[in-house]
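Okay, structure first, notes after.
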Amino acid sequence: MLRYYCDVQKTIVRGEIPDFSWVRDEEAQQSVKVVQNKCGSLIAPEKCWSPFCKELFLKEKADHLELGGFGLYPPWEGDLGFLRDLPQCKCLTIKFQKPIDLSVLKGNPHIESLQLYYAGKGEPGEFDFTSMPNLKRSIIPVCSSYKSVLRCGQLVSLGLCFGKYAGVLDLSDLFQLEELLCISVSLIKGIMLHPKVRLRALWLENLRLFDTLCPLDAVTEELRVVNLNRTPKLRSNIEWLARAKNVECISLWLGPIPTISFLKGLKKLQVLELFGSKVLDRDLSILKSLRNNRLDIRLWSEK
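Residue numbering for the sequence shown follows the working numbering, beginning at 16 and increasing consecutively.
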């Protein structure tokens, strides 16, 4: 989605480029990135956590810490014990290649968002997500080590990125879920939600076998943003989107779509992205009524 994104406060906002700067930590011989956006301030050290980083974190009144592996940064391998003395940290993002000890997070009452990006082989190491009483948002790989996240009934936002799951994944214990992302999870065939769930954002991408999403009322009634990119089986019949009367942004990149004519009844729709896709019935009349759309015009020549 180019104009919308799901932010860490579980609301849908218009996308804006955040302000960022670099500060030099001379003692640790590293650069530290500082990012300012409407969701708060973020600190991202290049190599390690240091007294300078803590001082900068407090000075900037930051609440988000990002560790390892972003851009040219190496993956995180350090100890996380310093988090015990950093109650201001509400959002933690870590990218790592070797299993790390997350036990320091057990019982942490401050962290509300935990994002773990594991780029290694095998399991990343066991951790009980239910031990974090105020965890509201999480992005993790699908693996047996992190299966406890599926029992965190307080979650409002869940991202499943990479990993493997054969069959339909049961998320029915997550009865407060409002945002769901599922990206590049191999073999997954679908997701089952709690019937009382009312999603505001749905992002499904690069899911070759995915064809089941139920119950549909949980998906459509409050939906604002939906991304169905590279989900060929699900996209073969997406007329259920006509029930999403509150949807504002739809992204259907990269692949054939039988028709989009059924979207004409969606009065709140503002953005329809079809980059790299081809509408098989060639009816694009809905685009005239939209304020914004992205379309690969090379796919629409008469030749």
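In this text, a Cβ means the ideal position worked out from N, Cα and C, and glycines have one as well.
Just how far apart, CA to CA, sit E356 and F97? The requested residue 356 does not occur in the structure, where the chain is confined to residues 16 to 318.
Count the other CB atoms within 10 Å of the CB of K151; is the residue buried (16 or more) or exposed (fewer)? That one is buried.
Jot down the residue ranges of each uninterrupted alpha helix (DSSP H) in the region 47-103, minimum 4 residues, whole runs only, in chain order. DSSP runs (the alpha helix (DSSP H)) wholly in the region 47-103: 66-74.
Could you spell out the range, first to last residue, of the beta strand (DSSP E) harbouring D40? Counting along the chain, D40 sits inside the beta strand (DSSP E) bounded by residues 34-40.
At which residues does the beta strand (DSSP E) containing K248 begin and terminate? No beta strand (DSSP E) contains K248, which is instead part of the alpha helix (DSSP H) from 247-250.
Residue range of the alpha helix (DSSP H) that includes D185: Residue range 172-186 is occupied by the beta strand (DSSP E) that includes D185, with no alpha helix (DSSP H) assigned at that position.
Helix, strand or coil for F190? Go by DSSP, reduced to three states. DSSP places F190 in coil when its eight states are reduced to three.
C-beta contact flag for K324 and D78 at 8 Å: Residue 324 falls outside the range modelled here, since the chain spans only 16 to 318, and no answer is possible.
Decide if L73 is buried, meaning its Cβ has at least 16 other Cβ atoms within 10 Å, or exposed. Taking all protein chains in view, the Cβ of L73 is surrounded by fewer than 16 other Cβ atoms within 10 Å, so the residue is classified as exposed.
Taking a contact to mean a Cβ-Cβ separation below 8 Å, would you say L231 touches N261 in this structure? Cβ distance not < 8 Å, so L231 and N261 don't count as in contact.
Go ahead and label F225 buried or exposed: buried means 16 or more other beta carbons lie within 10 angstroms of its beta carbon, across all protein chains shown. Answer is buried; the Cβ neighbour count reaches 16.
Work out the CA separation of Y133 and K76 for me, nearest whole Å. If you take the alpha carbons of K76 and Y133, they lie about 28 Å apart.
From I58 to E127, what distance separates their C-alpha atoms? Approximately 16 Å, taken between the alpha carbons.
When you compare the CB positions of P273 and S251, do they come within less than 8 Å of one another, or not? Yes; because the gap between Cβ atoms is below 8 Å, this pair is in contact.
In terms of DSSP beta bridges, what is W218 paired with? DSSP lists L196, N242 as partners of W218.
What residue range does the alpha helix (DSSP H) around T108 cover? Unbroken run through T108 is the beta strand (DSSP E), 106-111; no alpha helix (DSSP H).
Residues of its chain near S146, where Cβ-Cβ distance is below 7 Å and the 5 sequence neighbours each way are ignored: Within the same chain, S146 has close Cβ partners K121, G122.
Compute the distance between the beta-carbons of D185 and R166, then report whether it is under 8 Å. No.
Nearest to P125 by alpha carbon, out of L101, K110, S172, F142? First, the residue type needs correcting, since residue 125 is His and not Pro in the sequence shown. Looking from the CA of H125, the closest CA among L101, K110, S172, F142 belongs to L101.
Cutoff 7 Å; reference A43; Cβ partners in own chain excluding five residues on either side: Around A43: K62, C63, S65, F67.
Between the beta-carbon of L80 and the beta-carbon of L107, is there less than 8 Å? Result yes, Cβ atoms of L80 and L107 sit closer than 8 Å.
The alpha helix (DSSP H) that contains L269, what's its start and end? Counting along the chain, no alpha helix (DSSP H) covers L269, and no H or E run does either.
Check whether V171 and L196 have beta carbons under 8 Å apart: Not closer than 8 Å, so no.
Can you tell me the Cα-Cα spacing of L267 and V183, whole angstroms? Computed Cα separation, rounded: 22 Å.
How many angstroms separate the CA atom of L173 from the CA atom of I154? Our two residues, L173 and I154, have alpha carbons roughly 6 Å apart in a direct line.
Suppose you measure from the CA of S201 to the CA of L281; what does that come to, to the nearest Å? Rounded to whole angstroms, S201 and L281 show a C-alpha spacing of 32 Å.
Who pairs with I126 in a beta bridge, going by DSSP? Secondary-structure assignment with DSSP links I126 through no beta bridge to anything.
Helix, strand or coil for L234 per DSSP? According to the sequence as given, residue 234 is Val; it is not Leu. Note: V234 maps to helix in three-state DSSP.
Count the other CB atoms, across all protein chains shown, that sit within 10 Å of the CB of A181; report buried if there are 16 or more and exposed otherwise. By the 10 Å Cβ count, A181 comes out exposed.
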